[in-house]
Amino acid sequence: MLVRLPKTVSEAREYLTEGAVPIGGATLVWATWQSDGFPEQAMSLRELPQANVIGPEELGGAVVLSRIDDRMPYVLHAAAKAVGTGAVRRAATVGGNLAGSALRCLLPAALVLEARATVLAPHGVYETDLAEVTAKRPLLLSLRWRAPVASAYRKLQGEASGEPPLVVATALHTDTGGRHRLRAAVRHGYDVLTATTTFGPDAAHPLDELRETSAADAPGAWDLITEQVTALLASARDD
Ligand SMILES: Cc1cc2nc3c(=O)[nH]c(=O)nc-3n(C[C@H](O)[C@H](O)[C@H](O)COP(=O)(O)OP(=O)(O)OC[C@H]3O[C@@H](n4cnc5c(N)ncnc54)[C@H](O)[C@@H]3O)c2cc1C
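Numbering (this note's numbering), first residue to last: 395 to 633.
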């Protein structure tokens, strides 16, 4: 297997056109390749600057999970810390988690941040949403979002049944005119459900609309959403 390490986007595009398979930390693909056979070419983005950005409003697809820290919104930092073991987090990448893993602990966090993805296809670079990233799994270069006012994340302990544990992520954004927008994402089983509500600064019951959504119906989710949103609103009032 030839491992390509592009340093520019045009090199990455060339290798993609040649059929190179994306590889992150190989924490998932290695075992499969050992049993089913290795591809002719793989491509790691670890030397591509555009895939290694880290900041309050951007994160590269080749960044390993252990490098996600408090430079980023709380929700992403907490989500990354909750993945697997230290050894997994030191090798696994953002692209591998969102495009390759079934659990995708980063996905609820990215969804409440309303992140947009920059991806590379044989015809060039384009921006898309997370739904396309998870469904079609294009080569993920980076994620971008607008920093929220505040955010929260909670992953429950794994269950004996082997079902993925419940994850609840929330973020509070401010719209123009002082209106707020609350985003919630709930991982229930392998599905991630989202809900959004907007409200003015004097809204009496900002949570009412969220209560009516299917995200709130996932067992155990509503209590966590209420707890997180109450804290987010309090922290926004204190600022
Ligand atoms: C012991 C263990 C515990 C784990 N626990 C959790 C957990 O609690 N929560 C959780 O969410 N995950 C968990 N995982 C999964 C872990 O997050 C994945 O192993 C990891 O995210 C895959 O990342 P990787 O960079 O190693 O991907 P790789 O194994 O290199 O690739 C996986 C897939 O993603 C594709 N891919 C890689 N990079 C990109 C890219 N930039 N763009 C598009 N596609 C790409 C590859 O082509 C491949 O199909 C666990 C894994 C292990 C081994």
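For glycine and all other residues, C-beta sits at the position ideal for the given N, C-alpha and C.
Small disclaimer: the values here were computed from a predicted structure and weren't measured.
Same chain, Cβ closer than 6 Å to residue i, neighbours up to 5 away in sequence not counted
i: Tyr-468; result: Ser-545
i: Gly-454; result: Ala-445, Asn-446, Val-447, Ser-536
Residue i versus the options, residue with shortest Cα-Cα distance
i: Pro-516; options: Leu-534, Arg-548, Ala-476; result: Leu-534
i: Ala-486; options: Leu-618, Leu-399, Arg-440, Leu-566; result: Arg-440
i: Pro-502; options: Gly-614, Ala-472, Lys-530, Thr-522; result: Ala-472
i: Arg-540; options: Pro-450, Ala-496, Gly-583, Glu-434; result: Pro-450
i: Ala-511; options: Arg-548, Arg-498, Glu-526, Leu-500; result: Glu-526
i: Ala-504; options: Gly-518, Val-488, Val-513; result: Val-488
i: Gly-480; options: Ile-462, His-567, Glu-606, Ala-609; result: Ile-462
i: Leu-604; options: Ala-578, Leu-470, Leu-410; result: Ala-578
i: Ser-460; options: Asn-491, Leu-524, Tyr-409; result: Asn-491
i: Gln-435; options: Leu-399, Ala-425, Pro-443, Leu-470; result: Leu-399
i: Leu-470; options: Ala-589, Glu-452, Pro-613; result: Glu-452
i: His-567; options: Ser-404, Ala-609, Leu-626, Pro-443; result: Leu-626
i: Leu-500; options: Asp-430, Ala-563, Gly-556; result: Ala-563
i: Gly-583; options: Leu-618, Pro-443, Pro-558; result: Pro-558
i: Leu-396; options: Ala-414, Leu-442, His-599, Gln-622; result: Ala-414
i: Val-477; options: Pro-613, Met-466, Arg-498, Arg-538; result: Arg-498
i: Arg-483; options: Thr-421, Ala-628, Gln-622; result: Thr-421
i: Leu-618; options: Arg-548, Leu-524, Thr-592, Ser-429; result: Arg-548
i: Pro-443; options: Thr-402, Ala-565, Leu-560, Ala-598; result: Thr-402
Euclidean distance between Cα positions of residue i and residue j
i: Thr-528; j: Gly-494; result: 8 Å
i: Lys-530; j: Thr-570; result: 33 Å
i: Gly-624; j: Asp-611; result: Going by the sequence as given, residue 624 is Thr instead of Gly. Distance between the alpha carbons of Thr-624 and Asp-611: 18 Å.
i: Leu-550; j: Glu-412; result: 42 Å
i: Ala-456; j: Gly-418; result: 6 Å
i: Ala-609; j: Ala-474; result: 22 Å
i: Gly-556; j: Asp-585; result: 15 Å
i: Leu-576; j: Glu-405; result: 40 Å
i: Ala-589; j: Val-506; result: 9 Å
i: Ala-598; j: Ala-425; result: 53 Å
Residues sharing a beta bridge with residue i, DSSP
i: Gln-518; result: Contrary to the premise, residue 518 reads as Gly rather than Gln in this sequence. DSSP, once it has assigned bridges, lists Ala-515 as partnering Gly-518.
i: Pro-416; result: Met-437
i: Arg-577; result: Ala-565, Thr-590
i: Thr-421; result: Looking at the DSSP assignment, Thr-421 forms no beta bridge with any residue, so it has no partner.
i: Gly-449; result: Glu-452
i: His-549; result: Note that residue 549 is Lys in the sequence shown here, rather than His. Answer by DSSP bridge pairing, in chain order: Val-561.
i: Asp-585; result: His-582
Spatial neighbours of residue i in its chain, beta-carbon cut-off 8 Å, leaving aside the 5 residues before and after
i: Pro-595; result: Gly-572, Arg-573, His-574
i: Gly-518; result: Arg-407
Own chain partners of residue i with C-beta closer than 7 Å, once the 5 adjacent residues on each side are dropped
i: Pro-416; result: Met-437, Gly-489, Leu-533
i: Val-423; result: Ile-417
Worksheet entry | Residues near ligand 1, criterion Cβ-heavy atom distance below 5 Å | Pro-416, Ile-417, Gly-418, Gly-419, Ala-420, Thr-421, Leu-422, Val-423, Gly-455, Val-477, Gly-478, Val-482, Ala-486, Thr-487, Gly-489, Gly-490, Asn-491, Ala-493, Gly-494, Ser-495, Leu-497, Cys-499, Leu-533, Leu-534
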